[in-house]
């Protein structure tokens, strides 16, 4: 009776963005590699895959740094489109999956304290506005990674302090940072791994029409492992068939590609139909 309605507008694409809280401190305490920690990127992807497995109305997810954005179809009625429900359920599942899979990605490093992720749900009225949002997140990935690559090269290889590196990069443009990396450290930024420059895109495999360079990822511990108990042979076979069906329906493909340009979207129109507004 006293609960406020927070139902998101109908016929709008929904995005739930999960974002690490205090992750600068978290990365320092857990001694993440700089400028990128590949094990944490893998852990974030495992957590995102778990979310896609549990929530079938999610079409795709895009992740970079300490965040992942989950896109739900405009026709979804999941949880009655309530912003609080969507944000809390997806955010909590992502967080628990991150903790659950920590030992897979960091077998030699103990989790010192629980991480936290906040989540928000936003409605986008058209494919165009949704793509603008995804483009913004990928552009943010590129800008931040270029800066961090230059910054940590100056600190770790150039012998500068953090303050000196900040001063050295103050006011520089992308071209300046590229030149600095190449001339001082022999780094061609365009040859850096695409996962760092472009982020990670998880797409329902059933929605892909074009041939893409998918990235193989190890499954999470406990994925689709049923408790058969004292089941008979027939019951075990039935359970196995259900698991296989669930895996096929929830299968996602990991990509590190350009999602700002039109090419990927026009080659895979079933993901975000271009005539759908």
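Residue numbers (full-length UniProt numbering): 1 to 277. Note that the Cβ used here is the ideal one computed from N, Cα and C, for glycine as well. Here the structure is a predicted model, which is why all the values come from computation and not from measurement.
Q. Who are the near neighbours of residue 209 in its chain, counting only those whose CB is closer than 8 Å to its CB and skipping five residues on each side?
A. Position 209 of the chain shown, counted from the first residue, corresponds to residue 209. These residues qualify, in order along the chain: 267, 268, 269 and 270.
Q) What is the DSSP secondary structure of residue 228, reduced to helix, strand or coil? A) Reading the chain shown from its first residue, position 228 is the one you call residue 228. Model confidence at residue 228 stands at a pLDDT of 43, short of 50, so the residue's coordinates are unreliable; what they give is reported in the following sentence. Reduced to three states, the DSSP call for residue 228 is coil.
Q. In whole angstroms, what separates the C-alpha of residue 190 from that of residue 80?
A. Position 190 of the chain shown, counting from 1, holds the residue named residue 190. Position 80 of the chain shown, counting from 1, holds the residue named residue 80. Approximately 44 Å, taken between the alpha carbons.
Q) If you count every other CB in all the chains shown that lies within 10 Å of the CB of residue 121, and 16 or more means buried, which is it? A) The residue you call residue 121 lines up with position 121 of the chain shown. Buried, because 16 or more other Cβ atoms sit within 10 Å of the Cβ of residue 121.
Q. Going by C-alpha distance, which of 3, 110, 116 and 138 is nearest residue 255?
A. Numbered from 1 along the chain shown, position 255 holds the residue referred to as residue 255. The shortest C-alpha separation from residue 255 is found at 138.
(Q) Strictly by DSSP, which residues pair up with residue 63? (A) As a position in the chain shown, residue 63 is number 63, starting the count at 1. According to DSSP, which records beta bridges pairwise, residue 63 is partnered with 68 and 200.
Q) Who are the near neighbours of residue 88 in its chain, counting only those whose CB is closer than 8 Å to its CB and skipping five residues on each side? A) For the purposes of this step, residue 88 is identified with residue 88 of the chain shown, where counting begins at 1. So the list reads 119, once near-sequence residues are dropped.
Q. Of all the alpha helix (DSSP H) runs that stay within the bounds of the UniProt domain "tRNAHis guanylyltransferase catalytic" (1 to 125), which reach a length of 4 or more residues?
A. Listed in chain order, they are 23 to 29, 38 to 54, 83 to 100 and 102 to 105.
**Q.** Distance CB(residue 154)-CB(residue 146) smaller than 7 Å
**A.** Numbered from its first residue, the chain shown carries residue 154 at position 154. Numbered from its first residue, the chain shown carries residue 146 at position 146. Contact: no.
Q.
Let me make sure I understand the geometry here. Which of 23, 48 and 50 has the alpha-carbon closest to that of residue 37?
A. Start at 1 with the first residue of the chain shown, and residue 37 comes out as number 37. Nearest Cα to residue 37 within the set 23, 48 and 50: 23.
Q: Output the distance between the C-alpha atoms of residue 227 and residue 12, rounded to the nearest integer angstrom.
A: Sequence index remark: in the chain shown, residue 227 carries index 227 (1-based). Sequence index remark: in the chain shown, residue 12 carries index 12 (1-based). Reliability fails at residue 227, whose pLDDT of 48 lies under 50, so the model's placement of it is uncertain and the value that follows must be treated cautiously. Distance from the CA atom of residue 227 to the CA atom of residue 12, rounded to whole angstroms, is 39 Å.
Q. If residue 294 sits next to residue 141, beta carbons under 8 Å apart, how far is it from one beta carbon to the other, in whole angstroms?
A. It is not possible to answer for residue 294, since the shown part of the chain is limited to 1 through 277.
Q: Out of 6, 106 and 44, state which residue places its alpha-carbon closest to the alpha-carbon of residue 19.
A: Your numbering for residue 19 matches position 19 in the chain shown. Minimum Cα distance to residue 19 is reached at 44.
Q | Proximity below 7 Å, CB of residue 204 to CB of residue 59 | A | As a working note, residue 204 is residue 204 in the chain shown. As a working note, residue 59 is residue 59 in the chain shown. Going by C-beta atoms, residue 204 is nearer than 7 Å to residue 59.
Q. Starting from residue 253 and walking both ways along the beta strand (DSSP E), at which residues does that stretch end?
A. Along the chain shown, one-based indexing puts residue 253 at 253. The continuous beta strand (DSSP E) containing residue 253 extends over residues 252 to 255.
Q) By the 10 Å Cβ neighbour count, where 16 or more other Cβ atoms means buried, how is residue 125 classified, buried or exposed? A) Taking the first residue of the chain shown as position 1, residue 125 is located at position 125. Classification of residue 125: exposed, given that the 10 Å Cβ count is below 16.
Q) Can you name the start and end residues of the alpha helix (DSSP H) that residue 205 belongs to? A) Residue mapping note: residue 205 aligns to position 205 of the chain shown, counting from 1. Premise fails: residue 205 is in no alpha helix (DSSP H) and is neither H nor E.
Q. What's the call for residue 113, buried or exposed, on a 16-neighbour Cβ count within 10 Å?
A. Along the chain shown, read from residue 1 onward, the residue named residue 113 stands at position 113. With fewer than 16 other Cβ atoms within 10 Å, it is exposed.
(Q) Considering just the uninterrupted stretch of the alpha helix (DSSP H) at residue 163, what are its terminal residues? (A) Here residue 163 corresponds to residue number 163 of the chain shown, with the count starting at 1. First-last of the alpha helix (DSSP H) with residue 163: 162 to 169.
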